[in-house]
Amino acid sequence: MLKKRIIICLDVKDGRTTKGIKFQNNIDIGDPVEMAAEYYRQGVDELVFYDIMASARGRGPILDLIARVASQVFIPFCVGGGIGTLDDIRSTILAGAEKVSLNSQAVKNPELIKQGARVFGNQCIVLGMDAAKDSQMPSGYRVYINGGRIKTELDAREWAQKAVELGAGEIVLNSIDADGTKEGYELNLTKMIAESVPVPVIASGGGGTPSHLADVLTKGKADAALIASMVHSGAYTVSSIKNELSKEGIPVRLV
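So in my numbering the end of the sequence shown lands on 257, straight run, no missing numbers.
Here is the structure:
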């Protein structure tokens with residue numbers, strides 16, 4: 003049986019790790035390089051680094067910071083934010099990332115997914131999708147871009163399916179409604195997307211306790227759970243979360 007992955011997200015703004023609730027009111031919580039090193043020591047399976055202001059400010063990824071984070075971790079490392087061209091993908095991978103997350107830029111230019119997958123392989127191309135409830139959409143969820151600031155006319159399920167057809171090898175599914183609340187993942191959204199695509203789906207937004215992760219990895223059908231607030235706050239460590247999941251019979255990589 004494939005092991006479920008625990009992934010920590012570092013949202014980065016102006017070179018510092020930040021955390022907000024429902025994509026708003028972000029506060030500075032530390033140095034991303036030091037935090038990456040600590041989470042690697044704790045046994046996290048993967049690390050995701052999001053430059054949350056890059057697309058909104060119309061700039062590319064901060065390569066020197068990415069390289070410094072990459073130097074501290076020897077696990078899969080995914081980078082998102084401001085990656086809008088093949089050259090951006092190439093330079094991000096050369097800086098030390100194994101994967102790139104395409105979110106706003108993929109919505110604006112879907113061909114970037116296809117081009118990236120063709121040149122670098124599907125395993126390198128991750129669709130980052132920010133979605134929120136909207137009864138006007140066929141699936142009940144609308145896609146947003148630019149850090150949740152701009153709504154699109156894309157339906158979450160339809161966009162996920164199209165992105166996979168174009169070559170995305172994985173989806174990080176961010177629930178705007180649950181983000182930062184620590185009240186549990188959006189199980190309905192996660193299960194719907196996981197059952198609609200043939201690639202791994204990473205649930206993001208709302209993780210507050212190990213039982214929340216257990217729910218989204220089982221009921222929500224997610225392949226991995228992305229966490230931030232629950233470890234950034236010091237309430238849990240990676241090993242304490244994994245031990246709880248293991249007790250529930252969920253296969254995880256123990257350290």
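C-beta atoms are modelled at their ideal positions from N, C-alpha and C, and glycine is treated no differently. None of these values were measured; they are calculated from a predicted model.
Quick one: measure Cβ to Cβ for residue i and residue j, integer angstroms, because I've assumed they're closer than 8 Å.
| i | j | result |
| --- | --- | --- |
| V121 | D132 | Contact doesn't hold; Cβ gap of about 25 Å is too wide. |
| L175 | A205 | 6 Å |
| Y41 | G82 | With 8 Å as the limit, Y41 and G82 do not qualify as a contact, their Cβ atoms being about 17 Å apart. |
| E48 | C80 | 7 Å |
| I8 | K21 | Wrong, their Cβ atoms sit about 18 Å apart, outside the cutoff. |
| V240 | G45 | 5 Å |
What does the alpha-carbon distance come out to for the pair residue i and residue j?
| i | j | result |
| --- | --- | --- |
| Q117 | N190 | 31 Å |
| A170 | R92 | 16 Å |
| L114 | R61 | 16 Å |
| D16 | A56 | 9 Å |
| A224 | V128 | 15 Å |
| A39 | I95 | 19 Å |
| V257 | E167 | 36 Å |
| V264 | Q125 | Absent from the structure is residue 264, since the part of the chain shown begins at 3 and ends at 257. |
| I10 | G142 | 27 Å |
| G210 | S198 | 26 Å |
| L12 | G98 | 16 Å |
| V203 | I252 | 16 Å |
| H234 | A108 | 29 Å |
| M194 | K221 | 11 Å |
| I147 | E160 | 16 Å |
| A226 | I178 | 18 Å |
Which word fits residue i, buried or exposed, when buried means at least 16 other C-beta atoms lie within 10 angstroms of its C-beta?
| i | result |
| --- | --- |
| P63 | buried |
| S231 | buried |
| V50 | buried |
| P34 | buried |
| A158 | buried |
| G186 | buried |
| K249 | exposed |
| R255 | exposed |
| L4 | exposed |
| S2 | With the chain covering only 3 through 257, there is no way to say anything about residue 2. |
| Q74 | buried |
| D66 | exposed |
Reducing DSSP to helix, strand and coil, say where residue i ends up.
| i | result |
| --- | --- |
| T87 | coil |
| M139 | coil |
| R18 | strand |
| G118 | helix |
| S242 | helix |
| D225 | coil |
| Y52 | strand |
| S106 | helix |
| Y146 | strand |
| L4 | coil |
| T192 | helix |
| E100 | coil |
| T220 | helix |
| T154 | strand |
| R174 | The amino acid occupying residue 174 in the given sequence is Val; Arg does not appear at that position. Strand. |
| A205 | strand |
| A134 | strand |
| I95 | helix |
| V128 | strand |
So is residue i in contact with chain B if we call contact Cβ pairs under 8 Å?
| i | result |
| --- | --- |
| F76 | Of the chains in the structure shown, none is chain B; there is only one protein chain. |
Please tell me whether, using a cut-off of 7 Å, the distance from the CB of residue i to the nearest non-hydrogen atom of the ligand PLP is below it.
| i | result |
| --- | --- |
| A38 | Within the structure as shown, the ligand PLP is missing, as the structure has no ligands at all. |
Count the C-beta pairs between the segment 213-222 and the segment 147-161 that are closer than 8 Å, then say yes if the count reaches three, no if not. They do not touch, by the three-pair rule.
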